[in-house]
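Peer 1: 279 is the number that the numbering used here gives the last residue of the sequence shown; the numbers go up by one with no jumps.
Note that beta-carbon positions come from the ideal geometry of N, C-alpha and C, so glycine has one too.
Computed from a predicted model, the values in this text were never measured in an experiment.
What follows is a single structure, and I will ask about it in a moment.
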Amino acid sequence: MDILVILEGANGAIHRISKEAVAAGQALGKDLDQKVSILAFGKDSDNIAKEASSFNTDEVLLVKDDNLNSYSADAYAETIKQVVEKELPKFVIMGYSYLVRDFFPKVSARLQKPLITDVVGFKITGGKTLFVKQVLHGKLTVDIESKVEGPVLVGFQSAAYSADNLENGSAEIRTVEVTLDPTQLKTTSEEPFQEETGGVDLTSAEKIVSIGRGIGKEENLVIVTDIATALNAEVGASRPIVDSGWLPSSHQVGSSGQ
22 MDILVILEGA
32 NGAIHRISKE
42 AVAAGQALGK
52 DLDQKVSILA
62 FGKDSDNIAK
72 EASSFNTDEV
82 LLVKDDNLNS
92 YSADAYAETI
102 KQVVEKELPK
112 FVIMGYSYLV
122 RDFFPKVSAR
132 LQKPLITDVV
142 GFKITGGKTL
152 FVKQVLHGKL
162 TVDIESKVEG
172 PVLVGFQSAA
182 YSADNLENGS
192 AEIRTVEVTL
202 DPTQLKTTSE
212 EPFQEETGGV
222 DLTSAEKIVS
232 IGRGIGKEEN
242 LVIVTDIATA
252 LNAEVGASRP
262 IVDSGWLPSS
272 HQVGSSGQ
């Protein structure tokens, strides 16, 4: 196996950031002349695998285990570790969401393989694959090459690649078995907490129209919402706007928000 893209689910479907990761994997595979495979597991894995089978990849691997029906960093990490050890991919790719940040480093530790995070692109130079990573809050980029033989784990930053560029096709689904010991799973999660009904998830928004004190007064919000509607965007706000009660906290952006 050459390139393995691991999917994250959201509300019974493939998370947007995972579609972007597949697009990144397809671009990498095209430049390296390598095949791309996909791994689906966890809650609603059947639906996710079926959706993934419509992408232009070599195959979709499906893992089904009751221990994966609710999120557990230990279960997720162990599942990926076992699949990687069986399939031996050269690259393991994920969209670097908040959830992935929790368990992907565990995979790196268990495999004793490097993890390159917040990647925004790649370069093929002199036969070497270099991954472009942002540092210093995006002020600089660095090119990183793995010096270790075997799979390289890569976490692509949100919106590094566009899901609109994802190539469609047809892929077979293959079931892969893993062995998970419930006594070794140290944590399990409850259902995701949502502060309010109808709250927005700005981390999944493709466009955000953000406002701050410059809006002047609450009555001017209608101008912003009209612009956001016209652009098919969500409305974001700085902390002072939220503290003033003009918008709910789910709209807050920046270091103290989403």
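Would you mind reading off the limits of the beta strand (DSSP E) that contains residue 164?
Peer 2: Translated into positions along the sequence shown, residue 164 becomes position 143. Segment 161-165, the beta strand (DSSP E) holding residue 164.
Peer 1: Can you name the residues that DSSP bridges to residue 229?
Peer 2: The count along the sequence shown starts at 1 and reaches residue 229 at position 208. For residue 229, which the question treats as bridged, DSSP gives the partners 255.
Peer 1: Please report the straight-line C-alpha distance between residue 134 and residue 185, rounded to a whole angstrom.
Peer 2: Residue mapping note: residue 134 aligns to position 113 of the sequence shown, counting from 1. Residue mapping note: residue 185 aligns to position 164 of the sequence shown, counting from 1. The C-alpha of residue 185 is placed about 31 angstroms away from the C-alpha of residue 134.
Peer 1: Whole-angstrom Cβ separation of residue 188 and residue 76, contact assumed at under 8 angstroms?
Peer 2: Here the question's residue 188 lines up with position 167 in the sequence shown. Here the question's residue 76 lines up with position 55 in the sequence shown. That belief holds up - the Cβ atoms of residue 188 and residue 76 are roughly 7 angstroms apart, short of 8 angstroms.
Peer 1: Report the partner residues of residue 147 according to the DSSP bridge assignment.
Peer 2: Indexing the sequence shown from 1 puts residue 147 at position 126. Residue 147 pairs with nothing; no bridge assigned.
Peer 1: Going by CA-CA distance only, name the one from 264, 271 and 251 that's closest to residue 257.
Peer 2: For the purposes of this step, residue 257 is taken as the residue at position 236 of the sequence shown. Considering only alpha carbons, the answer is 271.
Peer 1: I think residue 206 touches residue 74, with their Cβ atoms under 8 angstroms apart; what is that distance to the nearest whole Å?
Peer 2: Residue numbering aside, residue 206 sits at position 185 when the sequence shown is read from its first letter. Residue numbering aside, residue 74 sits at position 53 when the sequence shown is read from its first letter. That pair is no contact at about 29 angstroms.
Peer 1: In this structure, how does DSSP classify residue 170 when only helix, strand and coil are distinguished?
Peer 2: Here residue 170 refers to the residue found at position 149 when the sequence shown is read from its first residue. DSSP places residue 170 outside both helix and strand once states are collapsed to three, so it counts as coil.
Peer 1: Do residue 229 and residue 251 have their CB atoms nearer than 8 angstroms?
Peer 2: Looking up residue 229 in the sequence shown gives position 208. Looking up residue 251 in the sequence shown gives position 230. Going by C-beta atoms, residue 229 is not nearer than 8 angstroms to residue 251.
Peer 1: Report the CB separation of residue 89 from residue 96 in whole angstroms; it is logged as a contact under 8 angstroms.
Peer 2: Start at 1 with the first residue of the sequence shown, and residue 89 comes out as number 68. Start at 1 with the first residue of the sequence shown, and residue 96 comes out as number 75. With 8 angstroms as the limit, residue 89 and residue 96 qualify as a contact, their Cβ atoms being about 6 angstroms apart.
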